[in-house]
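K.L.:
If you read the sequences in order, they're chains A and B.
First residue of the first sequence: 1, per our numbering; consecutive thereafter.
First residue of the second sequence: 1001, per our numbering; consecutive thereafter.
Glycine is no exception: its CB is placed at the ideal position from the N, C-alpha and C atoms.
Sharing a structure with you now.
There are 2 protein chains.
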Amino acid sequence: MKPLKGACIFGQSGGPTAVINASAAGVFLEAMKHDLITDIYGAEYGIKGVLNERLIDIRQEDVKELELLKNTPSSILGSVRYKLKPYSVDDSDYKRILEVFKKYNVRYFFYNGGNDSMDTCNKISKYLQSQNYECNIIGIPKTIDNDLYGTDHTPGYGSAARYVATTVMELFHDTHVYNTPMVCIVEVMGRNAGWLTGAAALASLKGFGPDLMYLPELPFDVDEFVSDVKKVLERKRHAFVVISEGIKDFSGKYISEYLVSLRRDSFGHAQLGGVATVLAGIISDELNHIKVRPIEFSLLQRCAAHIASGVDIEEAFNAGVMAVRFALQGHTDKMVVFKRDEKSEEYKISYELLDLEYCANTERKVPKSWIKPDRTGVTDDFIKYALPLIQGGNNAPYEDGLPRYAKLKKVFVKK
Amino acid sequence: MKPLKGACIFGQSGGPTAVINASAAGVFLEAMKHDLITDIYGAEYGIKGVLNERLIDIRQEDVKELELLKNTPSSILGSVRYKLKPYSVDDSDYKRILEVFKKYNVRYFFYNGGNDSMDTCNKISKYLQSQNYECNIIGIPKTIDNDLYGTDHTPGYGSAARYVATTVMELFHDTHVYNTPMVCIVEVMGRNAGWLTGAAALASLKGFGPDLMYLPELPFDVDEFVSDVKKVLERKRHAFVVISEGIKDFSGKYISEYLVSLRRDSFGHAQLGGVATVLAGIISDELNHIKVRPIEFSLLQRCAAHIASGVDIEEAFNAGVMAVRFALQGHTDKMVVFKRDEKSEEYKISYELLDLEYCANTERKVPKSWIKPDRTGVTDDFIKYALPLIQGGNNAPYEDGLPRYAKLKKVFVKK
C-alpha cells in the first residue's frame, strides 16, 4: 500500500541514554529528505506530548543544532514513564491520540524507548488500525540495559558499556594505590539483565578488571559473597567487586529490598539503587572493619556522552534514519532491530524489523552459558559480543573546554 | 654550591589524581637528560618505599611506557598516607632515610603530594641538613583539592574540575527529562576547600549549571538549605544542587559527622553513604516525598584520566621537569609553584619555587569574596580563575576502544 502524505511525530520515552538524541537526529534529518513527510514534530515528554498537544515544530530548528544532537546526552524533547491502559479497559487516551493525529494529519509515528515504550507503540498501533486510521508506527530501540528482545543489542548500551569499562579501569588504578587492604564495590544499573555489569569485564582485557562480578541472572547469596571477597583478600590486598543493582536472592527477591524500603515506579518496577552501600556495610562488619568503598555509577553511566561509543552513536543515528525509511516503505507495527553478521570476521550490523508484539514486555537476559560456573564473572563469549560495541569515540565539538550540546528553539505548534 | 653527582628518588604521596603520573613522567624523562643524575629510583608507596628500601629502577623501564604515564591515572608507584613524627620526638625514620640515601648515594629527592607530603619533605630536608648530608629536596604539588598554599593552583585540580563541570552538564540534562519535580544533590570532594565544588559553576557558562552550590568555606545550615531548595522548586520543576563533602555547621562541625553517624540500617550495619545521601533523605521528608537523587562523585572525580584537562597534564608534567632542573641548579627545601601572569590577557603560567615551610600544613581556601553573598554559588572571579585550567583534553592512545595505560616492569633494586 502506498504510504500517505502527512506529518510525523517523534517521541522519546523511558530513561535517557547518552545517544538517544542521536536517534532523534536520525529521524529528523532523514524525515527532511522526503516529500511524503510534511510537518515534523517532536512530542514533549513522549506520549504525554501527544496527549497534551505539546508538539515542537522541528522544521524551525537549525540543521546544525539537529546535527549536534548526535553528541548531546539525555532526551532533548523530555521523556516520560507513562503506561497506557489496555483500550478495552479505558480508551480515553487512545481517542485523544487519534484526535490529535487526525488534527495534524499525522501519518508517521516514531517512538524511541525500551520494552514499555514498545508496548505503548503496539497498543497505539492496534487501536489506530481498529479505527481504520492509517498511520505507520515504528519503534526505535533504546536502553542502556540492553534487554530488548529480538535485537543483537540496543542503542545506548555500547556507550554505557564503554563508560563502565573505562571507569572500572580508572577505579582499579585508584583503589590499588595504597599498601593497605581495601574492598571496592561498584554498583551498575540493570534491573534484571546483567549486560551492563558484564561490561566491566572488558576492563580485564587490559589487566585492570574486577575480581568478582555479580549479574542478576543468577541468584546472589550474601554469605557466599562475603566468602568470595575473603578468598580474594587471601591472595591479594585489594578486592574489586562489580555488582548489578538488580541482584536477587534464591527466592528472586531483590537484595536491595532487604534494607531499602520498596518503592515502585508507575510501571510497577521496583526503584533500586544503594545495594553496594548495603553490601559495603556487611563486608566492613564481617571483615574486621576493612576499608570498603561503595561506588554507585548512578545516572552517570547513562548520560556520559563525553565517553560515548562511536559505534553506538552511529548505530543510534542509523536506527532513526532506518525507522523513517521503513515507515515510508509502508512498514508499520514494527521495531527496528540490529542483526549481527555472525559469519563476518569483522563486526557488521544490518537493520531489520521485528513485530512490536515480540519486542514489548519481553526482557532479554545474558545467556547463562556466558556467566562463569562460579557465578563471579563472564566468559570470553561475552567479551567477544560486547567489545565491538564500545569502539570509537564521541567527536563532539568543544567550547571553553566543555562539550557544545545542541540547543533547540523548541517552537511549539499553536493548538 | 655545585650540586653533587648522585642518584635521585621520586615518590608519590597522598590521594591519587588523574595527572600525578604526568609529574612522574616529567621527573623521570628529565632526569635521564642529565649526567649529574646517576640512578633514577621510584619509591614504592611513597616515603615507605625509602624506609623499606623498595626502590624501582626506572632506568630499566621503556621510555615509551614512561611517556604513557602522562595519560595514566592514579599513582603508578603506589602511594601512602604516612606522617613522620618530629625528629625531636622520634628520629628512627629519619635515621633510616639517611641510611638508605647514603647507601644509594641519593642526592636528589622529589616528593609529589599535598600539604602533608610537603611537611614530610620539609622534615626530611631539615634533618639531612642537621646531619650535613647534602641532598637537594624539591616538592612537587599535587591535589584535586587545590588547597596548597603559595601556588596559583595545583596539578590535579584542572582535571578534576573538568570532570566535575562536564559531568554536571550531563547530569543536568539527565535530571531534567521528566515533567515531574525532582531534586538532584551531587557531592563533590574537598574537605575544607571549595575549589572543586565551585568548578560545577563552569557548567553554568553553558546554561547547564547547578541552581545551588554549597562550599565548605561558609557555614551550612540544614534548615536554610531546605528553604533554598523549596525556593528553587517554586519557580521551576527541578532543583540541581552541588555540595562539598566538607560542609560544616556554624560551630565548624562537619555536617556528615552528625548526620551520617546516626544512620544504621535495619540490621545495624553502618551506612557508608555520604552527606548527599543524608541531605536527600531530609529533602524527601521535608518536601512531601519529592523524588531526590543523591550522587556521589566519589573516587571517579580524582581518577577520570579519560577526561583530564590538557592544560593540567602539561603543567603536571612540567612541574616534574622543573623540579629536576631546579634541584640541579642547587635549589633545595622548596616546592615548585605556579605563578599566573595576571597582566597577560592570555592564560600564562611560570614555574617558581617557594620554601617548603610555607607550603606545609597550610590550606588555601576559596576567597570569601568569590562566594556569592547568599552562599549558594560562586562569582565571575571564580569562573575567570578556573576556566583556563580545564582547557584541552587527554590525547591518550586507545586500544580496543579502551585507554592504553603505562605498564611498568617495576624492577626493584637488590637490597
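Going by DSSP, which residues form a beta bridge with residue 1293 of chain B?
P.N.:
As a working note, residue 1293 of chain B is residue 293 in the second sequence. Answer by DSSP bridge pairing, in chain order: B/1184.
K.L.:
Would you check if there are 3 or more beta carbon pairs closer than 8 Å linking the stretch 1238–1250 of chain B to the stretch 1185–1201 of chain B?
P.N.:
Yes, the stretch 1238–1250 of chain B is in contact with the stretch 1185–1201 of chain B.
K.L.:
Any idea what DSSP makes of residue 1378 of chain B, helix, strand or coil?
P.N.:
Along the second sequence, one-based indexing puts residue 1378 of chain B at 378. It is a strand residue.
K.L.:
How should residue 116 of chain A be labelled, buried or exposed, when 16 other C-beta atoms within 10 angstroms of its C-beta is the threshold for buried?
P.N.:
Within the first sequence, numbered from 1, the residue matching residue 116 of chain A stands at position 116. The residue is buried, with at least 16 neighbouring Cβ atoms inside 10 Å.
K.L.:
Does residue 1197 of chain B get closer than 8 Å to chain A when you measure Cβ to Cβ?
P.N.:
If you number the second sequence from 1, residue 1197 of chain B lands on position 197. No, residue 1197 of chain B lies away from the interface with chain A (no Cβ there is under 8 Å from its Cβ).
K.L.:
Starting from residue 161 of chain A, trace the alpha helix (DSSP H) both ways and give me its first and last residue.
P.N.:
Position 161 of the first sequence, counting from 1, holds the residue named residue 161 of chain A. 157–175 is the span of the alpha helix (DSSP H), which, as asked, contains residue 161 of chain A.
K.L.:
Is there a Cβ from chain A that is less than 8 Å from the Cβ of residue 1170 of chain B?
P.N.:
Translated into positions along the second sequence, residue 1170 of chain B becomes position 170. Closer than 8 Å to some Cβ of chain A, the Cβ of residue 1170 of chain B qualifies, so yes.
K.L.:
State the start and end residues of the unbroken alpha helix (DSSP H) segment that holds residue 178 of chain A.
P.N.:
In the first sequence, counting from the first residue as 1, residue 178 of chain A sits at position 178. It is not in any alpha helix (DSSP H) - residue 178 of chain A carries neither H nor E in the DSSP assignment.
K.L.:
With a threshold of 8 Å on Cβ separation, who are the neighbours of residue 196 of chain A within its own chain once the five nearest residues in sequence on each side are excluded?
P.N.:
Here residue 196 of chain A is taken as the residue at index 196 of the first sequence, counted from 1. Counting only Cβ-Cβ distances below 8 Å, and skipping sequence neighbours, we find 144, 145, 146, 157, 160, 161, 164, 188, 189, 190, 244 and 301.
K.L.:
For residue 355 of chain A, which of helix, strand or coil comes out of DSSP?
P.N.:
Looking up residue 355 of chain A in the first sequence gives position 355. Strand at residue 355 of chain A.
K.L.:
First and last residue of the beta strand (DSSP E) that includes residue 1301 of chain B?
P.N.:
By 1-based counting over the second sequence, the position of residue 1301 of chain B is 301. Segment 1300–1303 is the alpha helix (DSSP H) holding residue 1301 of chain B; no beta strand (DSSP E) there.
K.L.:
Within the same chain, show all residues whose beta-carbon is closer than 7 Å to that of residue 275 of chain A, passing over the 5 residues directly before and after it, in chain order.
P.N.:
Here residue 275 of chain A corresponds to residue number 275 of the first sequence, with the count starting at 1. Answer for residue 275 of chain A: 187, 243, 245, 247, 255 and 256, listed in chain order.
K.L.:
Just checking, does the stretch 34–41 of chain A make contact with the stretch 1133–1142 of chain B on the three C-beta pairs under 8 Å criterion?
P.N.:
They do not touch, by the three-pair rule.
K.L.:
Of all the residues that make up the stretch 1017–1041 of chain B, which are near chain A by a beta-carbon distance shorter than 7 Å?
P.N.:
For the stretch 1017–1041 of chain B, which is checked against every Cβ of chain A, not one residue is closer than 7 Å.
K.L.:
How is residue 1057 of chain B classed by DSSP in three states: helix, strand or coil?
P.N.:
As a first step, residue 1057 of chain B is located in the second sequence; it is residue number 57 there, counting from the start. If DSSP states are grouped into helix, strand and coil, residue 1057 of chain B belongs with the strands.
K.L.:
Among all the DSSP beta bridges, which residues are the ones paired with residue 1112 of chain B?
P.N.:
Within the second sequence, numbered from 1, the residue matching residue 1112 of chain B stands at position 112. Paired residue(s): B/1012 and B/1140.
K.L.:
Does the distance from the C-beta atom of residue 1213 of chain B to that of residue 1378 of chain B stay below 8 Å?
P.N.:
Sequence index remark: in the second sequence, residue 1213 of chain B carries index 213 (1-based). Sequence index remark: in the second sequence, residue 1378 of chain B carries index 378 (1-based). Yes, the Cβ-Cβ distance between residue 1213 of chain B and residue 1378 of chain B is below 8 Å.
K.L.:
Within 10 angstroms of the Cβ of residue 1180 of chain B, are there 16 or more other Cβ atoms? Answer buried if so, exposed if not.
P.N.:
Within the second sequence, the letter at position 180 stands for residue 1180 of chain B. When all chains shown are included, residue 1180 of chain B counts as exposed.
K.L.:
Tell me the residue span of the beta strand (DSSP E) that contains residue 1212 of chain B.
P.N.:
Along the second sequence, read from residue 1 onward, the residue named residue 1212 of chain B stands at position 212. Here the beta strand (DSSP E) through residue 1212 of chain B covers 1212–1214.
K.L.:
Quick one: is residue 60 of chain A buried, meaning 16 or more other Cβ sit within 10 Å of its Cβ, or exposed?
P.N.:
For this step, residue 60 of chain A is matched to residue 60 along the first sequence. With fewer than 16 Cβ atoms within 10 Å of its Cβ, residue 60 of chain A is classed as exposed.
K.L.:
By a C-beta neighbour count over all protein chains shown, 10 Å radius and 16 as the cutoff for buried, is residue 347 of chain A buried or exposed?
P.N.:
Along the first sequence, read from residue 1 onward, the residue named residue 347 of chain A stands at position 347. The residue in question, residue 347 of chain A, is exposed, as its Cβ has fewer than 16 Cβ neighbours within 10 Å.
K.L.:
Strictly below 8 Å CB to CB, what residues from chain A border residue 1293 of chain B?
P.N.:
Taking the second sequence and counting its residues from 1, one reaches residue 1293 of chain B at position 293. What residue 1293 of chain B touches in chain A: 298 and 299.
K.L.:
Check the Cβ-Cβ distances between residue 253 of chain A and every residue of chain B, and say whether any is below 8 Å.
P.N.:
By one-based count along the first sequence, residue 253 of chain A stands at place 253. No, because no Cβ of chain B sits closer than 8 Å to the Cβ of residue 253 of chain A.
K.L.:
Residues of chain A with a CB under 7 Å from the CB of residue 997 of chain B: which are they?
P.N.:
Outside the displayed span of chain B (1001 to 1415) sits residue 997 of chain B, for which this structure offers no information.
K.L.:
Should the stretch 281–288 of chain A be called in touch with the stretch 216–229 of chain A, which here means at least 3 C-beta pairs below 8 Å?
P.N.:
A contact exists between the stretch 281–288 of chain A and the stretch 216–229 of chain A.
K.L.:
Taking the beta strand (DSSP E) that residue 1038 of chain B belongs to, which residues open and close that run?
P.N.:
Working through the second sequence from its first residue, we reach residue 1038 of chain B at position 38. 1037–1043 is the extent of the beta strand (DSSP E) around residue 1038 of chain B.
K.L.:
Nearest-angstrom Cα distance between residue 1049 of chain B and residue 1102 of chain B?
P.N.:
Indexing the second sequence from 1 puts residue 1049 of chain B at position 49. Indexing the second sequence from 1 puts residue 1102 of chain B at position 102. Approximately 15 Å, taken between the alpha carbons.
K.L.:
For residue 294 of chain A, which of B/1299, B/1148, B/1217 and B/1141 has the nearest alpha-carbon?
P.N.:
Working through the first sequence from its first residue, we reach residue 294 of chain A at position 294. Closest option to residue 294 of chain A, Cα to Cα, is B/1299.
K.L.:
Using a threshold of 8 Å, state whether the C-beta atoms of residue 18 of chain A and residue 73 of chain A are closer than that.
P.N.:
Position 18 of the first sequence, counted from the start, is the residue given in the question as residue 18 of chain A. Position 73 of the first sequence, counted from the start, is the residue given in the question as residue 73 of chain A. Yes. Within cutoff.
K.L.:
From A/338, A/237 and A/20, pick the residue whose C-alpha is nearest to that of residue 148 of chain A; which is it?
P.N.:
The residue you call residue 148 of chain A lines up with position 148 of the first sequence. The candidate whose alpha carbon is nearest that of residue 148 of chain A is A/338.
K.L.:
Decide if residue 329 of chain A is buried, meaning its Cβ has at least 16 other Cβ atoms within 10 Å, or exposed.
P.N.:
Position 329 of the first sequence, counting from 1, holds the residue named residue 329 of chain A. So residue 329 of chain A counts as exposed.
K.L.:
Short check: CB of residue 93 of chain A to CB of residue 51 of chain A, under 8 Å?
P.N.:
Residue mapping note: residue 93 of chain A aligns to position 93 of the first sequence, counting from 1. Residue mapping note: residue 51 of chain A aligns to position 51 of the first sequence, counting from 1. The answer is yes: Cβ separation under 8 Å.
K.L.:
If the cut is a Cβ gap below 7 Å, which residues of chain B does residue 145 of chain A touch?
P.N.:
What you label residue 145 of chain A is simply residue 145 of the first sequence in a count that begins at 1. The contacting residues do not exist; residue 145 of chain A stays about 15 Å from chain B at best.
K.L.:
Pairing CB atoms from the stretch 302–310 of chain A with CB atoms from the stretch 1170–1178 of chain B, are three or more of them under 8 Å?
P.N.:
Short answer: they touch.
K.L.:
Go ahead and label residue 216 of chain A buried or exposed: buried means 16 or more other beta carbons lie within 10 angstroms of its beta carbon, across all protein chains shown.
P.N.:
Along the first sequence, read from residue 1 onward, the residue named residue 216 of chain A stands at position 216. Its Cβ being crowded by 16 or more others within 10 Å, residue 216 of chain A is buried.
K.L.:
In whole angstroms, give me the CA-to-CA distance for residue 1271 of chain B and residue 278 of chain A.
P.N.:
On the second sequence, position 271 is the one that residue 1271 of chain B refers to. On the first sequence, position 278 is the one that residue 278 of chain A refers to. Because the pLDDT at residue 1271 of chain B is just 45, under 50, the model does not fix this residue reliably, and the point stays unresolved.
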